[in-house]
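Asker: Numbering of the sequence shown is given in the UniProt record's numbering, commencing with residue 1 and proceeding in unit increments.
From the three backbone atoms N, C-alpha and C, an ideal C-beta is built for every residue, glycine too.
As the structure is a prediction and not an experimental result, all values here were calculated from the model.
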Amino acid sequence: MSQGSSQGRSQSPSQGLVPKKWAKYATPIVGAAVVAAGWFGLQGGDGADGNGGAASGVSSNDADTCAVDTLPPEAKKQIDDILQDAPPDDGEADGKHFDNYEGLLPKEKGDYYREYTVKTPGLNHRGERRIVVGGGTETDPDVWYYTSDHFESFCSIPDAED
1 MSQGSSQGRS QSPSQGLVPK KWAKYATPIV GAAVVAAGWF GLQGGDGADG
51 NGGAASGVSS NDADTCAVDT LPPEAKKQID DILQDAPPDD GEADGKHFDN
101 YEGLLPKEKG DYYREYTVKT PGLNHRGERR IVVGGGTETD PDVWYYTSDH
151 FESFCSIPDA ED
């Protein structure tokens with residue numbers, strides 16, 4: 001009897017013992033790979049980005065742009081407020097340091113980037129829309145970026161000071 005029960009427990013690798021042992025890890029590993037592929041933008045297809053023209057991130061070499069007249073009117077107001085040194089009216093975070101934790105903007109040191117809320121009508125909180133500026137002075141930043149999705153993507157605003 002013990003011989004039969006030990007035969008039931010002892011299988012060679014060719015009989016599937018190793019794959020069954022690791023099978024419980026397959027779903028999380030495959031899931032993590034799918035998430036990683038999505039996170040890093042790995043896509044199949046014809047090379048079209050399929051995002052309807054939304055900015056997917058920027059770098060110093062390849063920045064998606066969004067002219068001021070393509071942004072919500074509230075973004076234009078925030079740009080004007082920045083240029084005129086109007087006091088922030090959207091809480092303590094406005095005009096303060098933006099850390100670029102997402103790493104989508106060009107890497108800079110220290111307090112280079114500052115963020116400002118772009119109001120969203122109908123919301124009673126800051127919402128997802130922001131303008132991020134960098135370098136320069138409080139009223140004359142060197143670079144301007146807009147995000148409509150709380151730092152998931154950015155586009156540069158080339159004509160912010162025009």
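Does the beta-carbon of Q78 have 16 or more other beta-carbons within 10 angstroms, so that it is buried, or is it exposed?
Answerer: buried
Asker: Below 8 angstroms on the Cβ atoms is my contact criterion, and I expect R114 with G95 to pass it. Report the Cβ-Cβ distance as a whole number of Å.
Answerer: The pair is a contact, with the Cβ atoms about 6 angstroms apart (cut-off 8 angstroms).
Asker: Could you have a look at W144 and say whether DSSP puts it in helix, strand or coil?
Answerer: DSSP places W144 in strand when its eight states are reduced to three.
Asker: Identify whether V133 lies in helix, strand or coil by the three-state DSSP scheme.
Answerer: In the three-state reduction of the DSSP assignment, V133 falls in the strand class, which pools E and B.
Asker: Give the DSSP bridge partners of T65, in chain order.
Answerer: S156
Asker: Just to confirm my understanding: we take S148, look at its own chain, exclude 5 residues before and 5 after, and list those with CB closer than 7 angstroms. What are they?
Answerer: E128, R129
Asker: Does DSSP put T117 in a helix, in a strand, or in coil?
Answerer: strand
Asker: Please give the ranges of any alpha helix (DSSP H) in the region 61-108, keeping only runs that are unbroken, at least 4 residues long and fully inside the region.
Answerer: 73-83
Asker: Can you list, in chain order, the residues of its chain whose CB lies under 6 angstroms from that of H150, leaving out five sequence neighbours each side?
Answerer: E128
Asker: Quick one: Cα of E102 to Cα of E152, how far?
Answerer: 8 angstroms
Asker: Sorted by chain position, which residues of the same chain lie with C-beta nearer than 7 angstroms to A160's C-beta, five sequence neighbours on each side aside?
Answerer: V68, I79, W144
Asker: Shortest alpha-carbon distance to T137 belongs to which of D64, P72, I82, N124?
Answerer: Nearest to T137 by C-alpha distance, out of D64, P72, I82, N124, is I82.
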